[in-house]
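Right, one structure below, let's go through it.
In the working numbering, the protein residues as written are 3 to 240.
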């Protein structure tokens with residue numbers, strides 16, 4: 003991940019923090035989902051990214067969310083991993099707690115599997131998965147994208163920043179080279195979604211931002227937490 007894209011996420015988090023200034027007695031700024039189905043490297047890299055930014059992070063699992071909810075945090079991050087497993091482990095009540103948290107002013111970052119999970123419809127290799135996703139994003143998440151990297155391989159992809167006036171992306175250089183690991187194209191049904199970046203290979207949305215009630219959502223089909231040019235993320239991909 004380039005420094006410019008780190009700045010993108012920092013800015014988005016700063017905007018999120020401003021929306022939640024009245025929150026007190028937090029367990030941590032960020033609840034980072036870590037449970038069965040999560041790609042361990044994504045969890046490690048995301049945690050290191052947030053800590054490097056100066057945020058406090060607590061790892062939470064499905065049991066925590068299902069039972070306690072997220073009122074002690076400002077933001078929930080769902081990392082890369084198995085979106086179907088996420089949908090199975092997080093109960094209907096847990097999913098409702100997540101949606102209420104965001105609707106009431108919390109924020110959500112979904113990375114790859116977390117972007118699939120945030121969508122209304124999940125398409126995997128041409129087939130709609132029989133699962134109950136969060137449905138924060140009014141649209142479909144459709145992967146994999148073999149024209150970028152043939153499944154089951156992973157590799158770097160070029161993302162063009164297409165909204166250069168949005169508060170999040172106005173200072174971001176384009177294109178960005180980011181890790182692609184089976185992520186989706188994000189196809190919105192509504193114009194109330196801001197497309198921030200598109201996969202160069204297919205000219206389809208890769209990075210989105212939108213409001214959900216009083217909260218904010220940022221989802222990406224790529225892995226900006228993985229820094230291919232630095233060991234700061236704490237992971238070594240083989």
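Using N, Cα and C, we set each Cβ at its ideal position, and we do this for glycine too.
If you run the structure through DSSP and keep just helix, strand and coil, what is residue i?
| i | result |
| --- | --- |
| residue 54 | helix |
| residue 46 | helix |
| residue 216 | coil |
| residue 228 | coil |
| residue 97 | helix |
| residue 191 | coil |
Assign residue i to buried or exposed, taking buried as 16 or more other Cβ atoms, counted over all protein chains shown, within 10 Å of its Cβ.
| i | result |
| --- | --- |
| residue 210 | buried |
| residue 132 | exposed |
| residue 64 | buried |
| residue 128 | exposed |
| residue 194 | exposed |
| residue 56 | exposed |
| residue 88 | buried |
| residue 157 | exposed |
| residue 99 | buried |
| residue 154 | exposed |
| residue 94 | exposed |
| residue 230 | exposed |
| residue 152 | exposed |
| residue 36 | buried |
| residue 44 | buried |
| residue 148 | exposed |
| residue 177 | exposed |
| residue 136 | buried |
Need the endpoints of the beta strand (DSSP E) that residue i sits in, please.
| i | result |
| --- | --- |
| residue 87 | Unbroken run through residue 87 is the alpha helix (DSSP H), 85-91; no beta strand (DSSP E). |
| residue 200 | 196-201 |
| residue 61 | 59-62 |
| residue 79 | 77-80 |
| residue 34 | 32-35 |
With a cut-off of 8 angstroms, does the C-beta of residue i fall near any C-beta of chain C?
| i | result |
| --- | --- |
| residue 91 | Note that chain C does not occur in the displayed structure, where there is just one protein chain. |
| Which ranges does the alpha helix (DSSP H) cover as unbroken runs of at least 4 residues, wholly within the region 99-187, from first to last along the chain? | DSSP runs (the alpha helix (DSSP H)) wholly in the region 99-187: 115-120.
| Three CB pairs or more closer than 8 angstroms across the region 73-92 and the region 106-114 | In this structure the region 73-92 lies against the region 106-114, because at least three pairs of beta carbons, one per stretch, are closer than 8 angstroms.
| Would you call the region 113-122 and the region 156-168 touching, i.e. three or more CB-CB distances under 8 angstroms? | Counting Cβ pairs under 8 angstroms, fewer than three are found: no touch.
| query | Quick one: any contact between the region 211-222 and the region 86-104, if contact means 3 or more CB pairs under 8 angstroms? | reply | Yes: at least three Cβ pairs fall under 8 angstroms.
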